[in-house]
Amino acid sequence: MATESCDAVNMDPDMELLSDEELEREAEGFKEQGNAFYIKKDYAEAFNYYTKAIDMCPKNASYYGNRAATLMMLCRYREALEDSQQAVRLDNSFMKGHLREGKCHLSLGNAMAASRCFQKVLELEPDNSQAQQEVKNAESILEYERMAEIGFEKRDFRMVVFCMDRALESASACHRFKILKAECLALLGRYPEAQSVASDILRMDSTNADALYVRGLCLYYEDCIDKAVQFFVQALRMAPDHDKARLACRNAKALKAKKEEGNKAFKEGNFEAAYELYSEALTIDPNNIKTNAKLYCNRATVGSKLKKLEQAIEDCTKAIKLDETYIKAYLRRAQCYMDTEQYEEAVRDYEKVYQTEKTKEHKHLLKNAQLELKKSKRKDYYKVLGVDKNATEEEIKKAYRKRALLHHPDRHSGATPEVQKEEEKKFKEVGEAFSVLSDAKKKSRYDSGQDLEDDGMNMGDFDANNIFKAFFGGPGGFSFEASGPGNFFFQFG
């Protein structure tokens, strides 16, 4: 900050008592020594000598002004403000006293009071450029305060932080601005920065209720609820009417209780109740990003147990939006994607997890998802036959019989060319599926994700009619017989 200049003292020659003159001369000597230390920037010693001068002559406005300048250099603005005010009480025409009082008010964030002091300076010295500039600074602070208030109401916390940073350039000692900035940093999830600001204030004033509240808020938002409650309680001891601390304390206790109830219900297997309890917990405090991310993930876990897979995916997505580093939410969503056969999405989530934490388990999950994705992009022979992946040999045969008869080209000879072409394609797929799933070796390779063509099994040369004849042919087998133009019936031996 700019160095404050010290003032000379005009001695009054008409002192009635010699002892007073001697006291004044001694005071003047202390003042001169104070000036010397001030010039050397030894402000602590300068303060001591100006104090001695004041003790000798407590009615001298200039001594208070000099000590105020020293206190300002030591960033002790409240004490400097008291000295400045005493200086102008002793001498209302003391221009530097008014200027320093204004600067102290400004540094402490009292822009209106500062502006009045600077206006007084301008009454004494209309062309004082320093006062003119300080008036503009005071006006800027008032405007930033106004913008910050609007920003806070709109929950535009970044705007509030910006405004407070600008205001603090002139009001560097304003705890109110620092606290508002710290609170908004906490609401933005920038906890280390918020804690740093609050801790700085507490080092200077351990009883500052606002700073205690912000420290608690940071802990609360970092899901350290028990510690947070301790800070909120301490803040309320310092300021029983601190509404924000009271509300935060109540929310913290309610959130912890509701979350624990949900966890208990989940452990007991009461998933419906757990789902409702987590939902209720999510309504308590929308600002608690970290805890709400966990609650969404917990509800997603319950949702997957209740087969509400799409809702579970939505909850995981909400959790990730709140906390992009939340590995558990990625893992839960990936599993839900796997369960709903959305393999590309599952691979994407597992890749994110593996990039963050390269463990054997995460590598295995990623490889499994990649395998399922690869398998999903080829023909699903189980779907073609309409059977489960755990179908028995007999169930596969039964399904082939039904589908082969349904799509046999001869059955659709009277249909349009388009339908015939489509049914012929389906007939071939049914035969292809049966040829793979009815062969233990081929089925094993297919199930493991291997490309059958890579193993010399060229499905492009496949003839579905041969499979059909082999399955239905022979004595007493199957045949189509015409009962009229374009009409067929099925005959079994």
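Mapped onto this note's numbering, the consecutive letters of the sequence shown carry residue numbers 16 to 508.
Glycine included, each C-beta is placed from N, C-alpha and C at the ideal position.
**Prompt:** Nearest to residue 189 by CA position, among 346, 273, 92 and 246, is which residue?
**Reply:** Locating residue 189 in the sequence shown gives position 174, where the first residue counts as 1. Comparing Cα-Cα distances from residue 189 to each of 346, 273, 92 and 246, the minimum goes to 92.
**Message:** Here's the rule I'm using: 16 or more other beta-carbon atoms within 10 Å means buried, otherwise exposed. How should residue 210 be labelled?
**Reply:** Within the sequence shown, the letter at position 195 stands for residue 210. The residue in question, residue 210, is buried, as its Cβ has 16 or more Cβ neighbours within 10 Å.
**Asked** Can you tell me the Cα-Cα spacing of residue 120 and residue 186, whole angstroms?
**Response** The residue you call residue 120 lines up with position 105 of the sequence shown. The residue you call residue 186 lines up with position 171 of the sequence shown. Going by the C-alpha atoms only, they are around 8 Å apart.
**Asked** If you drop the 5 nearest sequence neighbours on each side, which residues of the same chain put their C-beta closer than 7 Å to that of residue 369?
**Response** The count along the sequence shown starts at 1 and reaches residue 369 at position 354. Excluding residues within five positions, the ones whose Cβ falls inside 7 Å are 377, 378 and 381.
**Request:** For residue 59, collect the residues of the same chain with a Cβ closer than 6 Å to its Cβ; drop the 5 residues on either side in sequence, then sort them by chain order.
**Result:** Start at 1 with the first residue of the sequence shown, and residue 59 comes out as number 44. If we look at residue 59 and ignore the five residues flanking it on each side, it has no Cβ neighbours.
**Asked** Whose C-beta lies closer than 8 Å to the C-beta of residue 281 among residues of the same chain, with five residues either side of it excluded?
**Response** Residue mapping note: residue 281 aligns to position 266 of the sequence shown, counting from 1. Counting only Cβ-Cβ distances below 8 Å, and skipping sequence neighbours, we find 289, 313, 316 and 317.
**Prompt:** Below 8 Å, can you find three or more Cβ-Cβ pairs linking the region 32-50 to the region 59-68?
**Reply:** yes
**Request:** Determine the direct distance from the alpha carbon of residue 285 to that of residue 167, and round the result to whole angstroms.
**Result:** By 1-based counting over the sequence shown, the position of residue 167 is 152. By 1-based counting over the sequence shown, the position of residue 285 is 270. In a straight line, the C-alpha of residue 167 is about 41 Å away from that of residue 285.
**Request:** Count the C-beta pairs between the region 425-444 and the region 401-415 that are closer than 8 Å, then say yes if the count reaches three, no if not.
**Result:** no
**Asked** Tell me which same chain residues have a C-beta within less than 6 Å of the C-beta of residue 303, skipping the five on either side of it?
**Response** Walking along the sequence shown from the start, residue 303 turns up at place 288. Hits under 6 Å: 236.
**Asked** What's the gap between the Cα of residue 384 and the Cα of residue 192?
**Response** For the purposes of this step, residue 384 is taken as the residue at position 369 of the sequence shown. For the purposes of this step, residue 192 is taken as the residue at position 177 of the sequence shown. Straight-line Cα distance between these residues: approximately 51 Å.
**Request:** Compute the Euclidean distance between the alpha carbons of residue 435 and residue 486, then round it to the nearest angstrom.
**Result:** For the purposes of this step, residue 435 is taken as residue 420 along the sequence shown, with counting starting at 1. For the purposes of this step, residue 486 is taken as residue 471 along the sequence shown, with counting starting at 1. Approximately 22 Å between the Cα atoms of the pair.
**Request:** Specify the secondary structure class of residue 284 as computed by DSSP and reduced to three states.
**Result:** Reading the sequence shown from its first residue, position 269 is the one you call residue 284. Coil, per DSSP.
**Request:** Grab the span of the alpha helix (DSSP H) containing residue 322 for me, first residue to last.
**Result:** Here the question's residue 322 lines up with position 307 in the sequence shown. Run containing residue 322: none; DSSP gives neither H nor E here.
**Message:** Rounded to whole angstroms, what is the Cα-Cα separation between residue 116 and residue 61?
**Reply:** As a position in the sequence shown, residue 116 is number 101, starting the count at 1. As a position in the sequence shown, residue 61 is number 46, starting the count at 1. Computed Cα separation, rounded: 19 Å.
**Asked** Would DSSP call residue 3 helix, strand or coil?
**Response** The question about residue 3 has no answer, for the chain in this structure spans 16 to 508.
**Message:** If contacts are defined as beta-carbon pairs under 8 Å, then residue 254 and residue 213 qualify, I think. What distance do you get, rounded to the angstrom?
**Reply:** Residue numbering aside, residue 254 sits at position 239 when the sequence shown is read from its first letter. Residue numbering aside, residue 213 sits at position 198 when the sequence shown is read from its first letter. Not really, about 15 Å apart at Cβ, beyond 8 Å.
**Message:** Residues in the same chain with beta-carbon distance under 7 Å from residue 404, minus the five sequence neighbours each way, listed in chain order, please.
**Reply:** Taking the sequence shown and counting its residues from 1, one reaches residue 404 at position 389. The residues are 397.
**Own chain residues within Cβ distance below 6 Å of residue 38, not counting five before or after** = Position 23 of the sequence shown, counting from 1, holds the residue named residue 38. For residue 38, where only same-chain residues beyond five positions count, the Cβ hits under 6 Å are 71.
**Prompt:** Counting pairs of Cβ atoms below 8 Å between the region 386-400 and the region 351-370, do you hit three or more?
**Reply:** yes
**Item:** Contacts around residue 299, its chain only, beta-carbon distance under 6 Å, and the 5 residues preceding and following it disregarded
**Value:** For this step, residue 299 is matched to residue 284 along the sequence shown. Closer than 6 Å at the Cβ level, and outside the excluded window around residue 299, lie 266, 269 and 270.
**Request:** Count the other CB atoms, across all protein chains shown, that sit within 10 Å of the CB of residue 179; report buried if there are 16 or more and exposed otherwise.
**Result:** Locating residue 179 in the sequence shown gives position 164, where the first residue counts as 1. The residue in question, residue 179, is buried, as its Cβ has 16 or more Cβ neighbours within 10 Å.
**For residue 44, three-class secondary structure by DSSP** = In the sequence shown, counting from the first residue as 1, residue 44 sits at position 29. Three-state DSSP puts residue 44 in a helix.
**Message:** Please report the distance separating the alpha-carbon of residue 76 from that of residue 136.
**Reply:** For this step, residue 76 is matched to residue 61 along the sequence shown. For this step, residue 136 is matched to residue 121 along the sequence shown. If you take the alpha carbons of residue 76 and residue 136, they lie about 16 Å apart.
**Whole alpha helix (DSSP H) elements within the region 189-259, 4-residue minimum** = 190-202, 206-219, 224-236 and 240-253
**Message:** Can you tell me where the alpha helix (DSSP H) holding residue 62 begins and where it ends?
**Reply:** Your numbering for residue 62 matches position 47 in the sequence shown. Note, residue 62: alpha helix (DSSP H), 58-71.
**Message:** Taking the beta carbon of residue 110 as the centre, do at least 16 other beta carbons fall within 10 Å, making it buried, or is it exposed?
**Reply:** Taking the first residue of the sequence shown as 1, we reach residue 110 at position 95. That one is buried.
**Item:** Run of the alpha helix (DSSP H) containing residue 383, from where it starts to where it stops
**Value:** By 1-based counting over the sequence shown, the position of residue 383 is 368. Per DSSP, residue 383 belongs to the alpha helix (DSSP H) from 375-391.
**Item:** C-alpha distance - residue 24 paired with residue 218, whole-angstrom precision
**Value:** Start at 1 with the first residue of the sequence shown, and residue 24 comes out as number 9. Start at 1 with the first residue of the sequence shown, and residue 218 comes out as number 203. Low local confidence applies: a pLDDT of 43 at residue 24 is under 50, so the model's placement there is unreliable, with the coordinate-based value given in what follows. The straight-line gap from Cα to Cα measures roughly 38 Å.
**Message:** Mapping the DSSP letters down to three states, classify residue 93 as helix, strand or coil.
**Reply:** For the purposes of this step, residue 93 is identified with residue 78 of the sequence shown, where counting begins at 1. Residue state, collapsed to three classes: helix.
**Item:** Sequence-distant residues of its chain with Cβ nearer than 7 Å to residue 482 (five each side left out)
**Value:** Position 467 of the sequence shown, counting from 1, holds the residue named residue 482. Cβ neighbours of residue 482 beyond the five flanking positions: 446, 449 and 450.
**Item:** Which listed residue (128, 69 and 337) has its alpha carbon closest to that of residue 98
**Value:** If you number the sequence shown from 1, residue 98 lands on position 83. The residue with the shortest Cα to Cα distance from residue 98 is 69.
**Rounded Cβ spacing between residue 172 and residue 203 (contact assumed at less than 8 Å)** = Position 157 of the sequence shown, counted from the start, is the residue given in the question as residue 172. Position 188 of the sequence shown, counted from the start, is the residue given in the question as residue 203. With a Cβ gap of about 5 Å, residue 172 and residue 203 count as contacting.
**Prompt:** Cα-Cα, which of 420, 458, 89 and 452 is closest to residue 480?
**Reply:** Position 465 of the sequence shown holds residue 480. The shortest C-alpha separation from residue 480 is found at 420.
**Request:** Could you check what DSSP says for residue 261 in three-state terms: helix, strand or coil?
**Result:** In the sequence shown, counting from the first residue as 1, residue 261 sits at position 246. Of the three classes helix, strand and coil, the one that applies to residue 261 here is helix, per DSSP.
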